[in-house]
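K.L.:
The structure's right below; bear with me while I get my questions together.
Numbering (the numbering used here), first residue to last: 3 to 208.
Here it is as structure tokens:
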């Protein structure tokens with residue numbers, strides 16, 4: 003079996019960039035469609051355009067395995083926005099990075115999102131469900147590539163709660179901060195580890 007490779011970057015969560023395309027022997031930037039697994043005959047086995055580096059090969063093997071097993075990791079994201087247009091960010095020690103607050107998707111998920119958001123702002127609030135999307139990304143904590151199914155919930159605050167007015171602050175022992183999308187995009191660590199989610203929120207929570 004082989005994976006469909008194209009030089010056209012499609013707006014598709016399963017269109018995965020071949021990072022080391024030059025080292026692989028390809029003539030231009032390319033993407034692999036991990037949900038387009040095809041069979042080829044023996045005649046074409048020697049029609050090889052290039053060879054993936056070990057890093058890219060491992061990534062595609064892990065993601066293709068998840069596709070074949072119909073496996074997704076269900077998580078929900080909170081996009082809590084303050085009057086200055088900045089989003090609440092949680093510092094995740096495992097990822098060593100600022101991330102949008104997240105939690106494992108539950109059966110009564112809207113109630114869970116409202117509960118967590120209310121605990122953060124220390125006031126009863128109600129989130130708004132925005133959309134759901136799949137993202138193929140590297141899990142820093144588990145050190146493997148996974149397919150995540152993210153549900154996005156939005157909350158716009160009219161007033162910044164008193165306990166959240168500093169540049170950085172703690173809630174129940176966890177560090178939080180307010181960052182704009184531009185600040186996230188200018189942060190190399192955030193973009194390396196969470197670029198897909200920054201783009202996801204940017205497109206859906208304007």
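Heads up, the beta-carbon is just placed ideally off N, CA and C, and yes, glycines get one too. Predicted model, so just to flag it, every value in this text is computed and none were measured.
Where does residue 96 sit, in a helix, a strand or coil, going by DSSP?
P.N.:
Note: residue 96 maps to coil in three-state DSSP.
K.L.:
By Cβ distance, which residues of its chain are closer than 8 Å to residue 124, with the 5 residues on each side in sequence left out?
P.N.:
These residues qualify, in order along the chain: 163, 165.
K.L.:
Quick check on residue 161: buried or exposed, where buried means 16 or more other Cβ atoms within 10 Å of its Cβ?
P.N.:
Counting Cβ neighbours within 10 Å, residue 161 comes out exposed, since fewer than 16 surround it.
K.L.:
Span of the beta strand (DSSP E) holding residue 105?
P.N.:
Residue 105 -> beta strand (DSSP E) spans 104-106.
K.L.:
To which residues of the same chain is residue 54 closer than 6 Å at the C-beta, ignoring the five residues directly before and after it?
P.N.:
Within the same chain, residue 54 has close Cβ partners 26.
K.L.:
Helix, strand or coil, according to DSSP, for residue 196 in the structure here?
P.N.:
Reduced to three states, the DSSP call for residue 196 is helix.
K.L.:
Just reading off the alpha helix (DSSP H) that residue 11 is part of, what are its end residues?
P.N.:
Counting along the chain, residue 11 falls outside any alpha helix (DSSP H), and DSSP gives it neither H nor E.
K.L.:
Residue range of the alpha helix (DSSP H) that residue 61 falls in?
P.N.:
That run of the alpha helix (DSSP H) goes 56-70.
K.L.:
What three-state label does DSSP hand residue 146 in the structure shown?
P.N.:
Residue 146 falls in the strand class under three-state DSSP.
K.L.:
Compare the Cα-Cα distances from residue 119 to each of 208, 144, 155 and report the closest residue.
P.N.:
Per the Cα distances, 155.
K.L.:
By how many angstroms is the C-alpha of residue 37 removed from the C-alpha of residue 100?
P.N.:
Looking at the two C-alpha atoms, the distance is approximately 30 Å.
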